[in-house]
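Asks: All residue numbers for the sequence shown refer to my numbering, where the first residue is 81 and numbers rise by one.
Each residue gets a CB set at the ideal place from its N, CA and C atoms; glycine is no exception.
Just so it is clear, the structure is predicted and the values come from calculations on it, not from any experiment.
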Amino acid sequence: MTDTDPGKTATSDPIRFRPARQTDGAALWRLVKATGQLELNSAYFYLLFASDFGDTCLVAERDGEVVGAVIGYHPPRQADTAFVWQIGVLPALRGQGLGQRLLDRWLALPANRACRWVTATVDEDNRASRALFGGFARRHGAECTVSPLFMPEQFPNPHPAEPLLRIGPIDRKAGSRAEASRQDRQRRELAAQDAS
Ligand SMILES: CC(C)(COP(=O)(O)OP(=O)(O)OC[C@H]1O[C@@H](n2cnc3c(N)ncnc32)[C@H](O)[C@@H]1OP(=O)(O)O)[C@@H](O)C(=O)NCCC(=O)NCCS
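(1) Compare the Cα-Cα distances from Arg252 to each of Leu229, Pro228, Val198, Asp104 and report the closest residue.
(2) So, for Ile151: in the same chain, excluding its five sequence neighbours on each side, which residues have a beta-carbon less than 7 Å away from its beta-carbon?
(3) What is the chain-ordered set of residues for which the beta carbon lies under 6 Å from any non-hydrogen atom of ligand 1?
(4) Which residues in the same chain have their Cβ closer than 7 Å to the Cβ of Leu59, if we skip the five residues on either side of it in sequence?
(5) By Cβ distance below 6 Å, which residues in the same chain neighbour Asp85 in space, the five residues on each side in sequence not counted?
(6) Tell me which residue opens and which closes the beta strand (DSSP E) that Val166 is part of.
(7) List the DSSP bridge partners of Ala149.
(8) Measuring straight from C-alpha to C-alpha, what distance separates Tyr126 and Pro99?
(9) Please work out which residues of its chain come closer than 8 Å, Cβ to Cβ, to Gly214, disregarding the five sequence neighbours upstream and downstream, and give them in chain order.
(10) If you draw a straight line from the C-alpha of Pro238 to the C-alpha of Met231, how long is it?
(11) Rounding to the nearest angstrom, what Cα-Cα distance links Thr96 and Ala191 in this structure?
(12) Sorted by chain position, which residues of the same chain lie with C-beta nearer than 7 Å to Pro249's C-beta, five sequence neighbours on each side aside?
(13) Over what stretch of residues does the alpha helix (DSSP H) that includes Val112 continue unbroken?
(14) Expressed to the nearest angstrom, what Euclidean distance is found between the alpha-carbon atoms of Ala90 and Gln234?
(15) Work out the CA separation of Ile247 and Gln158 for me, nearest whole Å.
(16) Taking the runs of the beta strand (DSSP E) that are 3 residues or longer, which of them lie wholly in the stretch 182-231?
(17) Based on the DSSP output, what are the partners of Pro99 in its beta bridges?
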């Protein structure tokens, strides 16, 4: 995905999606901090991630500000899998479908095109995140299974369990149909706003 292609779906769509660049590290750190719920790692970590794994990370910008992001990578021993390590949307923009759009656009990144499975670890109390991944699986005609991965006793500090969500196999055609219908809905909403 480039800065000029379908990242921008409608002329009045204020959100722009693009893969992360090396210079996004600090903005990713700030976004994760601003979510208030994600575990904040060191700034150095985000700088490194944006540099070395930028192709598998997606940022959503509004007026030049990073308002959402997916930080992901390909687990080295699972060539057909893309892992969502962190996904976040600024609190003021939640509940408006941005999380769904981020995941769909992230899956459509050139680097993720060959992936048939998406994995993530999600605390079972995180209802928004569970709903987000459940909806993502449905849109892509895929199953979402949950299995134990990291247990609290494996962490050196108090930490809830991090079960593994595994979504797949991904049906790319179902995803394209869902995106076309979302764009159609958005066009109709924008036209209705213009008319009122
Ligand atoms: C999780 C998060 C990224 C979702 O972003 P969002 O833009 O609010 O998500 P959307 O508006 O696209 O909603 C996605 C789905 O979650 C549901 N949802 C959103 N907020 C919810 C909430 N607080 N409780 C329950 N369901 C919720 C929506 O109804 C939607 O469901 P659907 O696909 O069945 O229609 C956002 O809440 C966030 O940044 N949370 C803090 C960081 C975090 O917890 N990240 C996940 C860690 S793995």
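Replies: Walking through what the data contain:
(1) Residue numbering aside, residue 252 sits at position 172 when the sequence shown is read from its first letter. Comparing alpha-carbon positions, the option among Leu229, Pro228, Val198, Asp104 lying closest to Arg252 turns out to be Val198.
(2) Against the sequence shown, residue 151 aligns to sequence position 71. Beyond the five residues adjoining it in sequence on each side, Ile151 comes within less than 7 Å, by CB distance, of Leu108, Phe129, Cys137, Trp165, Gln166 in the same chain, given in chain order.
(3) Going along the chain, the residues that qualify are Thr115, Gln117, Leu118, Ile167, Gly168, Val169, Arg174, Gly175, Gln176, Gly177, Leu178, Gly179, Gln180, Ala200, Val202, Asn206, Arg207, Ala208, Ser209, Ala211, Leu212, Gly215.
(4) The structure shown does not extend to residue 59, since the chain spans only 81 to 276, so no value can be given for it.
(5) If you number the sequence shown from 1, residue 85 lands on position 5. In this prediction, Asp85 has a pLDDT of 45, which is less than 50 and means its spatial position is unreliable; nothing more can be read from the coordinates.
(6) Working through the sequence shown from its first residue, we reach residue 166 at position 86. Looking at the sequence shown, residue 166 is not Val but Gln. Looking at the DSSP string, the run of the beta strand (DSSP E) that includes Gln166 is 161-169.
(7) One-based indexing of the sequence shown puts residue 149 at position 69. In the DSSP output, where bridge partners are listed per residue, Ala149 has Val139, Gly168.
(8) Locating residue 126 in the sequence shown gives position 46, counting from the first residue. Locating residue 99 in the sequence shown gives position 19, counting from the first residue. In this structure, the straight-line span from the alpha carbon of Tyr126 to that of Pro99 is close to 14 Å.
(9) Stepping through the sequence shown from its first residue, residue 214 is reached at position 134. Once the five neighbours on either side are set aside, the close Cβ partners of Gly214 are Cys224.
(10) For the purposes of this step, residue 238 is identified with residue 158 of the sequence shown, where counting begins at 1. For the purposes of this step, residue 231 is identified with residue 151 of the sequence shown, where counting begins at 1. Rounded to the nearest angstrom, the two C-alpha atoms are 11 Å apart.
(11) Working through the sequence shown from its first residue, we reach residue 96 at position 16. Working through the sequence shown from its first residue, we reach residue 191 at position 111. Reading the sequence as shown, one finds Arg at residue 96 and not Thr. Rounded to whole angstroms, Arg96 to Ala191 spans 18 Å at the Cα level.
(12) For this step, residue 249 is matched to residue 169 along the sequence shown. Around Pro249: Arg196, Trp197, Ala222.
(13) Within the sequence shown, the letter at position 32 stands for residue 112. Taken as a continuous stretch (DSSP letters only), the alpha helix (DSSP H) holding Val112 covers 105-115.
(14) The count along the sequence shown starts at 1 and reaches residue 90 at position 10. The count along the sequence shown starts at 1 and reaches residue 234 at position 154. Bear in mind that the predicted position of Ala90 carries a pLDDT of just 46, short of 50, making it unreliable; the figure below should be weighed with that in mind. It is roughly 46 Å from the alpha-carbon of Ala90 to the alpha-carbon of Gln234.
(15) Within the sequence shown, numbered from 1, the residue matching residue 158 stands at position 78. Within the sequence shown, numbered from 1, the residue matching residue 247 stands at position 167. Answer to the nearest angstrom: the Cα atoms are 14 Å apart.
(16) 197-201, 223-230, all fully within the stretch 182-231.
(17) Taking the first residue of the sequence shown as position 1, residue 99 is located at position 19. DSSP lists Leu138 as the bridge partner or partners of Pro99.
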